[in-house]
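A.B. asks: One structure, pasted below without further comment.
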Amino acid sequence: MQDRASFSRRNFIKAAAAAPALGLLPASVRDALAAGGITVGFIYVGARDDFGYNQAHAQAAAALKKLPGVKVIEEEKVPETVAVQKSMEAMIVQDKAAVVFATSFGYFDPHVLKVAQKYPNAHIAHCGGLWSEGKHPKNVASYFGYIDECEYLSGIVAGLTSKTGKFGFVAAKPIPQVLRNINAFTLGARSVNPNATTRVIFTGDWAMPVKEAEAANSLLDQGCDVLTCHVDGPKVVVETAERRGAFSCGYHASQAKLAPKGYLTGAEWDWVTPNTTFVKALQEGKPFPNFVRGGLKEGFVKMSPYGAVVSEKARKAADDVKAKMLKGEFVIFKGPLKDNTGKEVIPAGKSFAQQAIELEGMNYLVEGVIGSV
Amino acid sequence: MSAAPARPRPLIDALLPLAAIVIALMLFSLFVALEGQAPQEVLETIFAGAFGDAFGWQNTLLRAAPLILTGLAVALPARAGLVIIGGEGALAFGALGAAAAAVPLAGAPNLVLWLAMALSGMLAGGVLIGFSGALRQWRGVNETISSLLLSYIAVALMNHFVEGPLRDPASLNKPSTLPLAPEAMLGNLPGLDVHVGLAVGLVCAVLAWVFLRFTIWGFTVRVVGGNPRAAAMAGLAVTPWVIGLCAVGGAMAGLAGMLEVAAVHGSCNASLLVGYGHAGILIAFIARQNPLAVIPAAILIGGIGAAGSLLQRRLDMPDATVLVLQGILFVVLIAMETLRGRAWRIPQLSAPRLAKATPAPEEAA
Amino acid sequence: MTIDAITAVLLAMLGGAIRVSTPFLFVSLGETITEKAGRINLGLEGTLVMGAMSAYAASLYSGSPWLGVLAAACAGAVFGLLHGLLASLRRVNDIALGIALMLLGTGLAFYWGKAYIQPQAPTLRAFHLGAWSDSPALRSALDINPLFIAGLLLAFVLHWAFANTRVGLTLRLVGDSEAAARAAGAAVIPTRVAATVIGGALAGVGGAFLSLFYPGSWNEGLSNGQGIMAVALVIFARWQPRRCVLAALMFGAAGAIGPALQSVGISSGYYLFNAAPYALTLLLMALTCSRDTSLKGAPGELSLNR
Chain S
4 MQDRASFSRR NFIKAAAAAP ALGLLPASVR DALAAGGITV GFIYVGARDD
54 FGYNQAHAQA AAALKKLPGV KVIEEEKVPE TVAVQKSMEA MIVQDKAAVV
104 FATSFGYFDP HVLKVAQKYP NAHIAHCGGL WSEGKHPKNV ASYFGYIDEC
154 EYLSGIVAGL TSKTGKFGFV AAKPIPQVLR NINAFTLGAR SVNPNATTRV
204 IFTGDWAMPV KEAEAANSLL DQGCDVLTCH VDGPKVVVET AERRGAFSCG
254 YHASQAKLAP KGYLTGAEWD WVTPNTTFVK ALQEGKPFPN FVRGGLKEGF
304 VKMSPYGAVV SEKARKAADD VKAKMLKGEF VIFKGPLKDN TGKEVIPAGK
354 SFAQQAIELE GMNYLVEGVI GSV
Chain R
6 MSAAPARPRP LIDALLPLAA IVIALMLFSL FVALEGQAPQ EVLETIFAGA
56 FGDAFGWQNT LLRAAPLILT GLAVALPARA GLVIIGGEGA LAFGALGAAA
106 AAVPLAGAPN LVLWLAMALS GMLAGGVLIG FSGALRQWRG VNETISSLLL
156 SYIAVALMNH FVEGPLRDPA SLNKPSTLPL APEAMLGNLP GLDVHVGLAV
206 GLVCAVLAWV FLRFTIWGFT VRVVGGNPRA AAMAGLAVTP WVIGLCAVGG
256 AMAGLAGMLE VAAVHGSCNA SLLVGYGHAG ILIAFIARQN PLAVIPAAIL
306 IGGIGAAGSL LQRRLDMPDA TVLVLQGILF VVLIAMETLR GRAWRIPQLS
356 APRLAKATPA PEEAA
Chain W
14 MTIDAITAVL LAMLGGAIRV STPFLFVSLG ETITEKAGRI NLGLEGTLVM
64 GAMSAYAASL YSGSPWLGVL AAACAGAVFG LLHGLLASLR RVNDIALGIA
114 LMLLGTGLAF YWGKAYIQPQ APTLRAFHLG AWSDSPALRS ALDINPLFIA
164 GLLLAFVLHW AFANTRVGLT LRLVGDSEAA ARAAGAAVIP TRVAATVIGG
214 ALAGVGGAFL SLFYPGSWNE GLSNGQGIMA VALVIFARWQ PRRCVLAALM
264 FGAAGAIGPA LQSVGISSGY YLFNAAPYAL TLLLMALTCS RDTSLKGAPG
314 ELSLNR
């Protein structure tokens with residue numbers, strides 16, 4: 004067809020109109036194309052309304068639907084194997100999607116890369132991956148948010164609300180993204196309560212409700228009075244905490260309505276920002292951005308509104324740090340920083356801003372975390 | 006579809022699955038209509054997604070490829086009278102074994118690498134399910150429960166090794182073993198967008214069928230599976246046969262795991278466990294433990310998977326729609342067995358029992 | 014490990030045994046009844062999921078979690094009836110049919126359940142039998158749901174009924190020898206269908222426990238194979254209701270080991286700890302079985318028998 008650089012909206016329509024399969028397109032897509040719009044595909048690894056990871060993405064998809072000239076198609080519960088390759092291909096071939104949002108981390112290598120190479124004129128935006136120049140195809144993008152900023156703020160709120168100074172963290176697997184959240188939460192809590200500790204339980208998988216409930220109960224049994232988590236659906240952890248009269252901090256999306264008494268705040272994604280960036284770029288015929296990242300300041304992540312139990316003092320402490328983050332003046336990971344075995348992981352005087360590549364490979368738990376990787 | 010030639014009226018029997026599909030589609034249409042969708046549109050979309058064009062067909066076949074092998078993993082031990090439900094674990098073990106074998110062989114000629122991976126994967130899967138057969142023969146542990154337990158243990162071990170000793174340090178957020186070099190990946194079949202795993206599965210299914218149907222060993226298996234006591238009295242070595250068929254079944258699932266590593270993922274990681282092993286149980290029973298019939302059964306499930314994708318995108322129907330379709334379809338398929346060879350069966354020529362593991366209670370009496 | 018840590022792990026195992034065991038208990042008791050009559054229903058995983066969804070939906074609409082339990086029992090009974098009737102047809106394989114119904118149950122539950130992932134339904138309450146204690150761990154371990162107690166009672170009632178009631182004897186006769194049952198004038202097919210219906214209803218109640226008590230919400234990942242594991246546990250329990258209780262308690266307790274060890278700071282090898290229930294079950298079976306006793310106590314008509 005045509006090369007990527009000249010891939011403008013007009014060319015796209017021409018190409019699409021030339022495709023013999025156009026007659027097979029559903030009427031809605033045909034209308035969108037005729038109106039000069041574009042089709043956008045979303046692929047989720049789990050159920051769209053899981054109160055967590057997938058819901059956060061689906062909310063952004065719902066927001067995109069409202070943009071003029073944008074038609075959204077979705078597929079949920081697509082496993083990270085040939086199934087997702089075929090779903091991406093089908094969106095590109097059958098639905099003429101201009102961009103496919105592949106929202107699960109496990110989609111990237113090899114699936115997104117393989118399909119992108121096969122369809123150089125299509126675009127795939129992947130959530131979480133590390134696109135790098137020269138190594139990965141130009142029609143692939145990766146986007147992600149620095150949600151550890153929200154975890155740090157949650158840690159502050161938790162640290163100033165907790166009576167025991169013990170926090171529980173239910174996590175799926177000890178991978179860098181998860182460790183970074185655990186560490187940021189703990190650092191936030193210890194910035195206001197130096198004796199605070201976080202106990203971690205890894206469940207081994209992203210969605211295991213019974214195991215998550217067992218983990219939450221074990222943590223509460225150990226005297227933890229604030230629970231948070233990094234699993235796909237935080238519903239079980241938040242509800243368990245609420246039932247046993249403990250506090251909770253949410254993740255991915257807001258779980259506030261699940262725990263009206265104990266929900267303190269939470270770290271939420273706001274994927275509308277990056278998703279709109281990609282769609283606008285394609286609509287306006289601008290170059291496709293390959294590496295899109297941001298934190299609170301850029302509007303990629305946001306905090307759940309504070310719960311009723313959060314004190315004025317805690318709100319203020321968190322808001323102060325948030326204001327610095329919004330100005331880009333706050334660094335979470337800076338030396339001297341020790342891990343929980345006493346080893347220095349960041350020497351004094353050194354600090355890693357959010358973009359630092361060192362943070363992407365985090366393989367330690369900071370001092371104050373009880374557990375090992 | 007069914008390939009038991011001893012039947013007097015194979016045509017009618019062969020038509021049964023087709024009739025079942027028609028009835029199931031009617032029931033499914035009713036369900037869809039009750040849910041407020043237009044049945045015709047839904048059925049057309051299903052057909053278009055699975056078999057409507059070249060893309061649909063290849064989508065279907067690609068999904069079917071591992072299912073043929075996991076179906077054989079259940080069907081073969083069943084011929085010796087065992088109900089094995091641990092295919093998922095054997096697949097996990099096979100993938101782990103294959104990935105582990107690839108580590109010291111990085112840079113070796115592709116053929117050597119693939120053979121070593123395949124052997125290692127088959128060995129790993131074979132040992133797991135073979136162990137289940139051995140526990141049954143030597144310790145009297147029921148193989149259905151032991152294979153299920155072993156499956157959970159195998160998956161845990163796979164995860165442990167992938168995130169521990171065998172982890173590629175560069176696999177940050179998706180713990181995996183060391184990846185194969187891109188040129189060491191198994192490619193597609195010529196002219197198709199389907200990897201060679203499909204051909205491997207087809208060859209295995211045909212080989213198993215020929216073995217069971219035309220060799221003296223196949224006859225032995227029938228005797229062992231039909232009546233182990235009589236077989237033992239006739240001087241047949243029942244235990245080696247039982248353990249051997251379990252091991253071969255496990256090896257099939259292990260091979261499926263190896264293919265997932267070498268043709269799809271490039272490494273062993275948790276993403277390759279998506280229930281192919283569980284689907285194999287269903288496939289084997291639909292195929293009535295006949296290795297050849299495993300092929301269309303696997304294609305049917307692959308096709309429904311492909312159709313589910315299009316249903317979600319075109320009609321905004323939930324992913325579970327195809328689960329409902331599968332459920333209805335397989336319930337009808339299995340219930341229709343009651344018509345097989347019924348009125349038109351010549352009594353003296355009763356067909357050999359294919360799956361002695363599973364006679365209806367009335368027949369056992 | 015310190016004494017405190019050991020105590021914590023043991024308490025967690027106690028709590029786990031009580032909290033996690035109930036679905037296993039109900040499904041395995043239900044399956045015991047079905048298998049005693051000579052049928053295997055491998056589809057109880059699907060029935061469990063369907064029960065969980067129906068219970069949650071009914072509780073949401075009615076405001077009463079106990080109506081939810083009832084709805085789950087009804088949904089389970091419907092699936093049991095389907096299995097019971099279809100498996101009564103000549104040449105229809107009960108194991109294969111069970112697997113197909115597992116798929117259908119899961120599929121329908123997921124399809125209709127989409128609407129109930131988000132809302133919060135009223136859940137079942139627990140008896141706080143540990144209110145006297147200061148230890149939060151003990152207090153939570155002794156938060157006992159009435160369904161757990163009902164399951165325990167049911168096991169003992171079944172044990173008694175199998176041996177001492179006319180219904181129990183008929184059931185066993187039908188399961189052990191169809192010919193003998195017919196000779197004794199027992200209605201073989203109706204007995205089997207009834208046994209499968211009751212088995213399905215109990216599995217549905219097990220599902221209600223999952224969605225209405227522990228973990229206490231409906232979502233599609235709710236059952237990670239608990240139903241099929243419970244069916245397998247019936248063989249482990251050798252078709253004896255009282256041993257089903259032991260098996261379920263053991264399974265629940267072993268499942269709590271992994272999280273509990275991590276909560277006291279031992280987190281390496283967590284996958285292996287998480288596999289403890291399976292390894293333990295297998296080990297016990299390998300130790301206690303022998304070539305001759307493998308299917309001791311198995312109903313004679315069961316298709317696992319050869």
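Chains as they are written, first to last, in my numbering: chain S, 4 to 376; chain R, 6 to 370; chain W, 14 to 319. Built from N, CA and C at the ideal position, the CB exists for glycine as well. The structure presented is a predicted model; accordingly, all values stated were derived computationally and were not measured.
(1) Using a C-beta to C-beta distance shorter than 8 Å, which residues of chain S count as neighbours of residue 310 of chain R?
(2) Using a beta-carbon distance below 9 Å, is residue 294 of chain W in contact with chain B?
(3) Counting C-beta neighbours from all protein chains within 10 Å, is the total for residue 272 of chain R 16 or more, i.e. buried, or is it exposed?
(4) For the stretch 44-105 of chain S, list the alpha helix (DSSP H) runs that are entirely contained and at least 4 residues long, ordered along the chain.
(5) Measuring CA to CA, which of R/237, R/247, R/326 and R/211 is closest to residue 299 of chain R?
(6) Residue 173 of chain W: buried (16+ other C-beta within 10 angstroms of its C-beta) or exposed?
(7) Whole angstroms are fine: how far does the CA of residue 51 of chain R sit from the CA of residue 315 of chain R?
(8) If we cut at 9 Å on Cβ distances, does residue 212 of chain S have a partner in chain W?
(9) Pairs of beta-carbons, one from the stretch 162-173 of chain S and one from the stretch 199-213 of chain S, closer than 8 Å: are there three or more?
(10) For residue 345 of chain S, tell me which candidate among S/370, S/160 and S/117 has the shortest Cα-Cα distance.
(11) Should residue 187 of chain S be flagged as near chain W, meaning a C-beta pair shorter than 9 Å?
(12) Are the C-beta of residue 22 of chain R and some C-beta of chain W separated by less than 9 Å?
(13) Check whether the Cβ atoms of residue 126 of chain S and residue 84 of chain S sit closer than 9 Å, and answer yes or no.
(14) In this structure, does DSSP put residue 156 of chain W in helix, strand or coil?
(15) Got a sec: is the Cβ-Cβ distance from residue 121 of chain W to anything in chain R below 9 Å?
(16) Could you check what DSSP says for residue 305 of chain S in three-state terms: helix, strand or coil?
(17) Smallest Cα separation from residue 79 of chain S: which of S/160, S/105, S/101 and S/318?
(18) Between the stretch 351-364 of chain S and chain R, which residues of the former have a C-beta closer than 9 Å to a C-beta of the latter?
(19) In chain order, which continuous runs of the alpha helix (DSSP H) of length 4 or greater are located wholly inside the stretch 91-171 of chain R?
(20) Would you be able to state if there are at least three C-beta pairs under 8 Å between the stretch 206-226 of chain S and the stretch 188-198 of chain S?
(21) Over what stretch of residues does the beta strand (DSSP E) that includes residue 296 of chain S continue unbroken?
(22) Assign residue 323 of chain S to one of two classes, buried (16 or more other C-beta atoms within 10 Å of its C-beta) or exposed (fewer than that).
(23) How is the alpha helix (DSSP H) around residue 367 of chain S delimited, first residue to last?
(24) Using a Cβ-Cβ cut-off of less than 9 Å, give me the residues of the stretch 162-183 of chain S that come near chain R, in sequence order.
(25) Taking any Cβ of chain S, which residues in the stretch 51-78 of chain R have a Cβ under 7 Å from it, in chain order?
(26) Please list the segments of the alpha helix (DSSP H) lying wholly inside the stretch 205-274 of chain S, counting only runs of 4 or more residues, in order along the chain.
(27) So if I threshold CB-CB distances at 7 Å, which residues from the stretch 177-190 of chain R count as touching chain S?
(28) Run through the DSSP bridge pairs and tell me what residue 145 of chain S is partnered with.
(29) Taking Cβ-Cβ distances shorter than 9 Å, what residues in chain W pair up with residue 281 of chain R?
(30) Is DSSP giving residue 187 of chain W helix, strand or coil here?
(31) Taking the straight line between their C-alpha atoms, what separation do you get for residue 288 of chain R and residue 21 of chain R?
(32) Is there contact between the stretch 271-289 of chain W and the stretch 254-263 of chain W, where contact requires at least three CB pairs shorter than 8 Å?
(33) Under a CB-based cut-off of 9 Å, is residue 205 of chain R close to chain W?
(34) Under a three-way DSSP split, which group does residue 25 of chain S fall into?
(35) In this structure, how does DSSP classify residue 182 of chain R when only helix, strand and coil are distinguished?
(36) Opposite residue 193 of chain R in the DSSP bridges: which residues?
C.D. replies: With the given structure in hand:
(1) 86
(2) Reference to chain B is not applicable here, since the protein chains of this structure are S, R and W.
(3) buried
(4) 56-68 and 85-96
(5) R/211
(6) exposed
(7) 7 Å
(8) yes
(9) yes
(10) S/370
(11) no
(12) no
(13) no
(14) strand
(15) yes
(16) strand
(17) S/105
(18) 363 and 364
(19) 92-107, 115-139 and 148-168
(20) no
(21) 294-297
(22) exposed
(23) Neither: residue 367 of chain S is in no alpha helix (DSSP H) and is coded neither H nor E.
(24) 176, 177, 178, 179, 180 and 181
(25) 60, 64, 67 and 68
(26) 212-224 and 238-246
(27) 177, 178, 179 and 180
(28) S/129 and S/294
(29) The contacting residues do not exist; residue 281 of chain R stays about 15 Å from chain W at best.
(30) helix
(31) 16 Å
(32) no
(33) no
(34) Residue placement at residue 25 of chain S is poorly supported in this model, since its pLDDT is 39, which falls under 50; the coordinates are not used for a value here.
(35) strand
(36) R/200
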